[in-house]
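Protein chains: 2
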Amino acid sequence: MLEVDSRAVPEPAPPDPQEGLSIAEAARRTGVSVHTLRYYERAGLVVTPVGRTAGGRRRYRLLDLKWIVICTKMRATGMPIKAIRRYAQLVAAGAGNEQERLALLEAHRAEVAAKLAEVQENLRLIDHKIDVYRGRLAAGDADRLWAPSRPAGAH
Amino acid sequence: MLEVDSRAVPEPAPPDPQEGLSIAEAARRTGVSVHTLRYYERAGLVVTPVGRTAGGRRRYRLLDLKWIVICTKMRATGMPIKAIRRYAQLVAAGAGNEQERLALLEAHRAEVAAKLAEVQENLRLIDHKIDVYRGRLAAGDADRLWAPSRPAGAH
DNA sequence: AATCGACTTCGAGCATGCTCGAAATCCTAG
DNA sequence: CTAGGATTTCGAGCATGCTCGAAGTCGATT
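Chains as they are written, first to last, in full-length UniProt numbering: chain A, 1 to 155; chain B, 1 to 155.
If you want it as structure tokens, here you go:
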């Protein structure tokens with residue numbers, strides 16, 4: 001997963017320049033790489049199209065930066081790009097679909113809750129295995145652990 | 001992640017045939033696809049090399065099946081293929097390196113614990129966002145949620 | 001012997017989310 | 001005007017863990 005510098009994320013800081021920031025500045029202020037900024041745009045995560053200069057360079061406004069930060073937060077919860085895109089589309093569609101947005105969030109919440117249960121179970125499993133090892137080692141019983149030539153009780 | 005039919009995994013069941021099972025049978029009894037069985041072998045997850053017939057077909061013995069089941073259990077905990085390979089190598093090296101195996105397991109445990117903390121945090125974040133939405137909707141305040149044309153307080 | 005399904009190896013493809021490189025363009029300083 | 005850094009787009013590459021397809025082989029049955 002993309003690691004976003006948490007110290008850079010929360011507040012995009014006001015865009016001083018009159019007509020928006022360069023992509024490099026936007027990257028610096030959001031904690032997202034320029035590559036990823038472009039990727040997010042291509043992937044359709046952007047609500048309001050980022051403006052361009054006459055020469056075709058992106059100009060990020062405060063609004064854009066804020067939205068990107070929201071995206072990074074959603075990504076940080078493991079929300080897949082596709083889901084964020086759907087969410088962005090809903091937001092872009094304007095007011096009136098808040099229930100749908102909420103449903104999207106709740107669906108993601110369910111995924112995360114399921115993941116949580118899974119990881120908890122994993123931890124339980126691995127702990128069990130470690131316990132077996134510790135027990136055997138403490139008992140000087142290590143030779144009862146699995147060996148290629150002699151299948152034994154423990155793994 | 002590979003989904004292993006949990007009803008098929010636990011006990012490989014005795015290998016009736018005199019000289020081991022075909023890969024199809026092994027797949028059926030371990031709940032792993034034939035493709036994946038071959039992949040695991042290529043990936044070096046196997047402790048004892050799976051035997052071959054004169055014609056080059058794999059013959060799985062009970063020992064092999066048991067080890068594969070162990071591999072599936074480790075995979076089920078999210079242990080990466082590389083780590084399982086290292087573990088298999090240690091086991092293949094025979095007795096005497098149990099401390100190293102334990103260290104490997106503990107390292108993985110740490111990963112899983114970290115993952116757990118992360119997912120818990122994610123759940124917290126998404127719950128917070130959902131709360132905001134619920135609150136706005138209940139208060140008939142939905143228009144204070146984010147809209148492309150008018151950056152607002154909530155997302 | 002011929003057939004036909006199961007099996008072999010090797011390499012490619014898929015999904016995800018970036019990450020990077022190439023070639024061309026922009027723009028700003030000197 | 002020119003150099004050189006920043007940006008652009010497009011497409012490829014990377015890591016992971018399978019999953020699949022092609023082309024050829026094995027082997028049991030008829």
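A virtual CB, placed ideally from N, CA and C, is assigned to each residue, including glycine. Note that the structure is a prediction, hence the values are computed from the model and not measured.
Next item on the list: Using the DSSP secondary-structure output, state which residues sit across from arginine 59 of chain B in a beta bridge.
Entry: As a first step, residue 59 of chain B must be located in the second sequence, where it is residue number 59. Looking at the DSSP assignment, arginine 59 of chain B forms a beta bridge with B:Gly51.
Notebook entry, point to check: Name the chain A residues that come within less than 7 Å of leucine 145 of chain B, Cβ to Cβ?
Noted result: Taking the first residue of the second sequence as 1, we reach residue 145 of chain B at position 145. Here the neighbours are Glu98.
Next item on the list: Could you tell me whether any Cβ in chain B is nearer than 9 Å to the Cβ of alanine 139 of chain A?
Entry: To locate residue 139 of chain A, count along the first sequence from 1; it is residue 139. Taking Cβ atoms only, chain B never reaches closer than 9 Å to alanine 139 of chain A, which makes this a no.
Item checked: Cβ-Cβ distance between isoleucine 23 of chain A and leucine 45 of chain A below 9 Å -> Stepping through the first sequence from its first residue, residue 23 of chain A is reached at position 23. Stepping through the first sequence from its first residue, residue 45 of chain A is reached at position 45. Not in contact: isoleucine 23 of chain A and leucine 45 of chain A (Cβ atoms no closer than 9 Å).
Notebook entry, point to check: Exposed or buried, what is arginine 57 of chain A when buried is set at 16 or more other beta-carbons lying within 10 Å of its beta-carbon?
Noted result: Stepping through the first sequence from its first residue, residue 57 of chain A is reached at position 57. It counts as exposed.
Checklist line | Residues of its chain near valine 34 of chain B, where Cβ-Cβ distance is below 7 Å and the 5 sequence neighbours each way are ignored | finding: Looking up residue 34 of chain B in the second sequence gives position 34. For valine 34 of chain B, where only same-chain residues beyond five positions count, the Cβ hits under 7 Å are Ile23, Ala24, Ala27.
Next item on the list: Decide if histidine 108 of chain B is buried, meaning its Cβ has at least 16 other Cβ atoms within 10 Å, or exposed.
Entry: In the second sequence, residue 108 of chain B corresponds to position 108, counting from 1. Looking at its Cβ environment, which holds 16 or more other Cβ atoms inside 10 Å, histidine 108 of chain B is buried.
Next item on the list: Count the other CB atoms, across all protein chains shown, that sit within 10 Å of the CB of proline 15 of chain B; report buried if there are 16 or more and exposed otherwise.
Entry: Here residue 15 of chain B corresponds to residue number 15 of the second sequence, with the count starting at 1. Because proline 15 of chain B carries a pLDDT of 49, less than 50, the predicted location of this residue cannot be relied on, and the following value inherits that uncertainty. Buried, because 16 or more other Cβ atoms sit within 10 Å of the Cβ of proline 15 of chain B.
Margin query: Run through chain A and tell me which residues come within less than 7 Å of lysine 115 of chain B, C-beta to C-beta.
Written below: By one-based count along the second sequence, residue 115 of chain B stands at place 115. The contacting residues are Val119.
Checklist line | Option nearest glutamate 98 of chain B by Cα separation, candidates A:Val112, A:Ala142, A:Asp131 | finding: Stepping through the second sequence from its first residue, residue 98 of chain B is reached at position 98. Checked all of A:Val112, A:Ala142, A:Asp131; the closest Cα to glutamate 98 of chain B is A:Ala142.
Check: Excluding sequence positions up to five away, which residues of its chain have a Cβ less than 8 Å from the Cβ of arginine 59 of chain B?
Finding: Here residue 59 of chain B refers to the residue found at position 59 when the second sequence is read from its first residue. Contacts found: Glu19, Gly20, Leu21, Ser22, Val50, Gly51, Arg52, Thr53.
Note to self: Can you find the residues in the same chain that come closer than 7 Å, C-beta to C-beta, to residue 210 of chain B, ignoring five residues on each side of it along the sequence?
What the structure shows: Outside the shown range of chain B, which is 1 to 155, sits residue 210 of chain B, and nothing can be said about it.
Notebook entry, point to check: For chain B, is any of its Cβ atoms less than 9 Å away from the one on tyrosine 40 of chain A?
Noted result: Numbered from 1 along the first sequence, position 40 holds the residue referred to as residue 40 of chain A. No, its Cβ sits nowhere closer than 9 Å to a Cβ of chain B.
Next item on the list: Whole angstroms is fine: what's the gap from leucine 125 of chain B's alpha carbon to lysine 115 of chain A's?
Entry: Locating residue 125 of chain B in the second sequence gives position 125, counting from the first residue. Locating residue 115 of chain A in the first sequence gives position 115, counting from the first residue. Straight-line Cα distance between these residues: approximately 15 Å.
Next item on the list: Below 8 Å CB to CB, which residues in the same chain sit around valine 112 of chain A once its five sequence neighbours on both sides are set aside?
Entry: As a working mapping, residue 112 of chain A is identified with position 112 in the first sequence. Closer than 8 Å at the Cβ level, and outside the excluded window around valine 112 of chain A, lie Thr77, Gly78.
Next item on the list: For tyrosine 133 of chain B, return the contacting residues in chain A, with the cut-off set at a CB-CB distance below 8 Å.
Entry: Here residue 133 of chain B refers to the residue found at position 133 when the second sequence is read from its first residue. Near tyrosine 133 of chain B (Cβ distances below 8 Å), the residues of chain A are Glu98, Arg101, Leu102, Leu105.
Check: What's the gap between the Cα of threonine 30 of chain B and the Cα of tryptophan 67 of chain B?
Finding: The residue given as residue 30 of chain B occupies position 30 in the second sequence. The residue given as residue 67 of chain B occupies position 67 in the second sequence. Going by the C-alpha atoms only, they are around 10 Å apart.
Note to self: Tell me the rounded alpha-carbon separation between arginine 101 of chain B and leucine 65 of chain B.
What the structure shows: Locating residue 101 of chain B in the second sequence gives position 101, where the first residue counts as 1. Locating residue 65 of chain B in the second sequence gives position 65, where the first residue counts as 1. Each residue's Cα considered, the two are about 21 Å apart.
Notebook entry, point to check: Can the beta-carbon of proline 148 of chain B be found less than 9 Å from the beta-carbon of glycine 96 of chain A?
Noted result: Taking the first residue of the second sequence as 1, we reach residue 148 of chain B at position 148. Taking the first residue of the first sequence as 1, we reach residue 96 of chain A at position 96. Not closer than 9 Å, so no.
Checklist line | Neighbour flag for valine 32 of chain B against chain A, beta carbons, 9 Å | finding: Start at 1 with the first residue of the second sequence, and residue 32 of chain B comes out as number 32. No - not a single Cβ of chain A is within 9 Å of the one on valine 32 of chain B.
Check: Where does glutamate 75 of chain B land, buried or exposed, given buried means 16+ other C-beta within 10 angstroms?
Finding: What you label residue 75 of chain B is simply residue 75 of the second sequence in a count that begins at 1. Sequence check: residue 75 of chain B is arginine here, not glutamate. Answer is buried; the Cβ neighbour count reaches 16.
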